[in-house]
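Here the structure comes first, spelled out in C-alpha cells, and everything after it is commentary.
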Amino acid sequence: MGPYLSLFATQFQLTLQYRTAAVAGFVTQCWWGGLKIAVLSAFFATSRATDAPIGLTQLVSYVWLAQGLLALQPWNGDPAVAAAVRTGGVALERLRPLDTYWWWYARSASTLISRALPRAALMVAFAGVALPLAGLGPWGLSPPAGLGAGLAFLVSLVLVVALAATVVMLINVLIVTTMTARGANTMVAPFVILLSGSEIPLPLLPDVLHAFLFVQPLAGVMDIPFRIYVGDLTGPMAAAGVGLQVFWTVVLALVGRRLLARAMQRLEVQGG
Amino acid sequence: MNGLRLYLRYARASVRMQMLYPGAFLLLAATQFLNTLISIAAIWALFDRFGGLSGWRFAEVAVFFATANLSFGVADAINRGFDVFGPQFVKTGDFDRLLLRPRTAALQVLGFELRLTRIGRLAQALIVLVIALPLAHGDWTLAQGLSLAGAVAGGVALFSAILILQATLTFWTIDNLEAVNVVTYGGVEASQYPLDVYWRWLARFLIFIVPLGCVTYFPVVYALGRTDPLGAPQALLPFAPVVGFVFLAIALWAWSLGVRRYRSTGS
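Here's what the structure looks like:
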C-alpha cells in the first residue's frame, strides 16, 4: 500500500496548488447552477408539476450538489497517462515493481478528490450558507434530509470517488490502446454527462427509463448519492443504490485491470 | 492582396490541415453533434414530463435552441484564434511576430484557424430548426424569416465580440480568464430558452449587460408571431440584433486599444 498512498498524497498536494482554476470553475458552476434552477422552477410552475417524481426543493439541492462536485465526474483520462504514452515514458511505468493499474488508479482518485475539495467548499459556502443568509433559502442547498441520509450520503460519496476512478481508468486504457487522449476524452464525456444526471437530474427523464437509469454504472457517480442526500432514496432503495456503487466499482476495476494488462502486452513504445 | 482574399487563403490552409486527420475530424464533429443532441433531448424530456413552459410549446423553444446554437457554432468556428489568443499568442510571445507583418493583427488572428469540427453543432442545430419551424406555426411570412436570419447574424456578431473581448483581456491578464465561459458556453445555454422563464434580474442582465437577449430572444419572439411577455415594443423586436453589431464594433475598438498597449512577455 505504501507507494500507492504516497503517490496519492503527492498528487493531492500538487493539484491543490491550482487555486485560480478552482475559483474560475466555481464562478462558472454558480452560473450554470442558477440557470438550471431557473429553468426547472419555471417547469415546476406548470400544472403537471404535482405528478413529478421528485420535488423542486430537492432538485435545487441536487443541482447545487452536482455543480459543487462536478470535479468528481470522470469526463477525462489522466493527462499524465496520455503524456507517458506519447513520450514513451510508459516504458518507465512498466519498470516499477508495482501494479500499473493500481498505480494509475491511486493518481486518478487523488486528482479527483483534490480538484473537487476546494470547489465543493466554495459551493457549500455559497449555496449552503450565503444564499440562505441572504433570505434565498429555497434557492440554496438545503441540509441533508436527516441524520441517516447525511451519513449514508457520506458513505456513498466515498464510493463515488472509488467508482469514478475506475471510469477514469477505463478512459486511460482507451488512451493506451489508441495512443492518443483526444478520442477517448471527447467520446466518453457526453455519455457521462447524460447518464450521471449532470445534464438533468435522472428522475426527470421519462419514467420508462428509470429502472435502467438506476442500475447502469454512471448513476453511481452522481445520481445515487444526491438522491440519498435529498431524501428521495431511502431505506432499502438507498441500500440498493450503495450496493450498486460497490458492485460497479468492483466490476469496472476488474474489467479495467484485465483490459490494461492486454493493452500493455501489445504496447508500442514511442519516442527515444 | 486584399484582406478578404488573404483570409480565404488562410481558411483554405486551415481546412486542408484539418483534413489531414479525417478520423480526428469526424470524431470531434460527431461529439459536437452528440453533445448538442443531448441538450435538446433533455429539453424534450422536460416538456414531455411537464407539458409546457410558461406558455411556450416544445417546437417554439426548439427554435430558440437552434438559433442560439447556430450563432454560437459559427462564431466559435471562425474565432478560434481569438479563443486561444492568451495561451497561444500572448503567453508564448508569438504575437510579436504577427505585429511585424504588414497586415492587421485582427485579420491574422482570425485566420489562425477555421474550426471545421463545429459543423457537428451546426448540423444538429439546423436539423432541429428544419423540424421545429413548421411545427412552431403554420404561416411563416417573409418578415418573420428575415427576423430569424437577423437573429442568427446578430448572434454570430455578439458571440464573436465576446471572444474578441476575451482575447483583449489577455493583453492584461496574459492567460485566458476561464470565467468568460460564463457568457460563451453559459450564454448559449441561457439563450436556448425564452428569457421570460428566468427571474427578472437574470433576464435584465441578459438584455442590458450581455445583450444575448437582444440577438436571440427578441427577434425569435417576433419570428414566432408572439407578443413579448416581457413587454418590449413589438415594432422594435426584429431590429434588436443590431445591438450585436454595435457590441462587435465596441469589441474591435477595445481590441485595437489593447494591441496598442501590448507589451511582449519576451521569449
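From first to last, the protein sequence lines stand for chains S and C. Counted the way the working numbering counts, the first sequence spans residues 926 to 1197. Counted the way the working numbering counts, the second sequence spans residues 145 to 411. Quick reminder that beta carbons are idealized off the backbone N, C-alpha and C, glycines included.
Give me the Cα-Cα distance between residue i and residue j, rounded to the nearest whole angstrom.
{"i": "residue 204(C)", "j": "residue 306(C)", "result": "26 Å"}
{"i": "residue 1124(S)", "j": "residue 183(C)", "result": "7 Å"}
{"i": "residue 256(C)", "j": "residue 1191(S)", "result": "38 Å"}
{"i": "residue 417(C)", "j": "residue 311(C)", "result": "The first residue shown for chain C is 145 and the last is 411, placing residue 417(C) beyond what the model contains."}
{"i": "residue 354(C)", "j": "residue 327(C)", "result": "8 Å"}
{"i": "residue 225(C)", "j": "residue 254(C)", "result": "5 Å"}
{"i": "residue 169(C)", "j": "residue 1118(S)", "result": "22 Å"}
{"i": "residue 1114(S)", "j": "residue 209(C)", "result": "21 Å"}
{"i": "residue 1151(S)", "j": "residue 335(C)", "result": "28 Å"}
{"i": "residue 391(C)", "j": "residue 1102(S)", "result": "47 Å"}
{"i": "residue 223(C)", "j": "residue 1011(S)", "result": "29 Å"}
{"i": "residue 234(C)", "j": "residue 1024(S)", "result": "42 Å"}
{"i": "residue 1184(S)", "j": "residue 1093(S)", "result": "13 Å"}
{"i": "residue 212(C)", "j": "residue 303(C)", "result": "10 Å"}
{"i": "residue 165(C)", "j": "residue 260(C)", "result": "12 Å"}
{"i": "residue 214(C)", "j": "residue 281(C)", "result": "20 Å"}
{"i": "residue 241(C)", "j": "residue 149(C)", "result": "21 Å"}
{"i": "residue 1089(S)", "j": "residue 1146(S)", "result": "6 Å"}
{"i": "residue 289(C)", "j": "residue 1080(S)", "result": "55 Å"}
{"i": "residue 957(S)", "j": "residue 343(C)", "result": "14 Å"}
{"i": "residue 932(S)", "j": "residue 309(C)", "result": "41 Å"}
{"i": "residue 1020(S)", "j": "residue 1186(S)", "result": "14 Å"}
{"i": "residue 1149(S)", "j": "residue 284(C)", "result": "46 Å"}
{"i": "residue 1018(S)", "j": "residue 279(C)", "result": "58 Å"}
{"i": "residue 351(C)", "j": "residue 357(C)", "result": "5 Å"}
{"i": "residue 1162(S)", "j": "residue 1135(S)", "result": "13 Å"}
{"i": "residue 154(C)", "j": "residue 319(C)", "result": "25 Å"}
{"i": "residue 258(C)", "j": "residue 152(C)", "result": "10 Å"}
{"i": "residue 1085(S)", "j": "residue 987(S)", "result": "15 Å"}
{"i": "residue 389(C)", "j": "residue 1181(S)", "result": "52 Å"}
{"i": "residue 367(C)", "j": "residue 163(C)", "result": "38 Å"}
{"i": "residue 1133(S)", "j": "residue 194(C)", "result": "16 Å"}
{"i": "residue 1116(S)", "j": "residue 325(C)", "result": "22 Å"}
{"i": "residue 951(S)", "j": "residue 245(C)", "result": "40 Å"}
{"i": "residue 176(C)", "j": "residue 217(C)", "result": "10 Å"}
{"i": "residue 237(C)", "j": "residue 926(S)", "result": "45 Å"}
{"i": "residue 998(S)", "j": "residue 271(C)", "result": "30 Å"}
Just to confirm my understanding: we take residue i, look at its own chain, exclude 5 residues before and 5 after, and list those with CB closer than 6 Å. What are they?
{"i": "residue 969(S)", "result": "981"}
{"i": "residue 1007(S)", "result": "1100, 1106"}
{"i": "residue 347(C)", "result": "339"}
{"i": "residue 315(C)", "result": "402, 406"}
{"i": "residue 1045(S)", "result": "993, 994"}
{"i": "residue 191(C)", "result": "202"}
{"i": "residue 974(S)", "result": "none"}
Whole-angstrom Cβ separation of residue i and residue j, contact assumed at under 8 Å?
{"i": "residue 1154(S)", "j": "residue 1078(S)", "result": "4 Å"}
{"i": "residue 1177(S)", "j": "residue 1091(S)", "result": "4 Å"}
{"i": "residue 156(C)", "j": "residue 220(C)", "result": "Actually they do not touch by this definition, with Cβ atoms about 20 Å apart."}
{"i": "residue 323(C)", "j": "residue 949(S)", "result": "5 Å"}
{"i": "residue 994(S)", "j": "residue 1041(S)", "result": "6 Å"}
{"i": "residue 1066(S)", "j": "residue 1053(S)", "result": "4 Å"}
{"i": "residue 1158(S)", "j": "residue 189(C)", "result": "That pair is no contact at about 20 Å."}
{"i": "residue 1195(S)", "j": "residue 1013(S)", "result": "5 Å"}
{"i": "residue 944(S)", "j": "residue 1043(S)", "result": "7 Å"}
{"i": "residue 929(S)", "j": "residue 1027(S)", "result": "6 Å"}
{"i": "residue 953(S)", "j": "residue 197(C)", "result": "Their Cβ separation, rounded to whole angstroms, is 25 Å, which puts residue 953(S) and residue 197(C) out of contact at 8 Å."}
With respect to 8 Å, is the separation between the Cβ of residue i and the closest non-hydrogen atom of the ligand ZN below this value?
{"i": "residue 1047(S)", "result": "The model depicted lacks the ligand ZN and carries no ligand whatsoever."}
Near residue i, which residues of its chain fall below 7 Å by C-beta distance, leaving aside the five closest residues on each side in sequence?
{"i": "residue 984(S)", "result": "965, 1126"}
{"i": "residue 398(C)", "result": "309, 312"}
{"i": "residue 1064(S)", "result": "962, 985, 1056"}
{"i": "residue 293(C)", "result": "none"}
Please return the same chain residues whose Cβ sits closer than 8 Å to the Cβ of residue i, not counting the five positions on each side in sequence.
{"i": "residue 1144(S)", "result": "1120, 1121, 1122, 1127, 1138, 1166, 1169"}
{"i": "residue 181(C)", "result": "268"}
> Is the segment 264-273 of chain C touching the segment 347-365 of chain C in the sense that three or more CB pairs, one from each, lie closer than 8 Å?
Replying inline: no
> Taking the runs of the alpha helix (DSSP H) that are 4 residues or longer, which of them lie wholly in the segment 976-1034 of chain S?
Replying inline: 981-993, 1004-1012, 1015-1020
>> For the pair the segment 1101-1117 of chain S and the segment 984-1003 of chain S, tell me if three or more CB-CB distances fall below 8 Å.
In response: yes
>> Would you call the segment 226-236 of chain C in contact with the segment 273-293 of chain C, where contact means no fewer than 3 C-beta pairs closer than 8 Å?
In response: no
> Should the segment 1027-1047 of chain S be regarded as contacting the segment 932-943 of chain S, the criterion being three or more beta carbon pairs within less than 8 Å?
Replying inline: yes
> Are the segment 375-394 of chain C and the segment 285-298 of chain C touching, with three or more C-beta to C-beta distances below 8 Å?
Replying inline: yes
> Quick one: complete beta strand (DSSP E) runs, 3+ long, within the segment 1111-1164 of chain S?
Replying inline: none
>> Extract the residue ranges of the alpha helix (DSSP H) inside the segment 311-380 of chain C, only unbroken runs of 4 or more that lie entirely within it.
In response: 329-335, 344-348, 362-367
>> Could you tell me which whole alpha helix (DSSP H) segments of length 4 or greater appear in the segment 1066-1113 of chain S?
In response: 1072-1103
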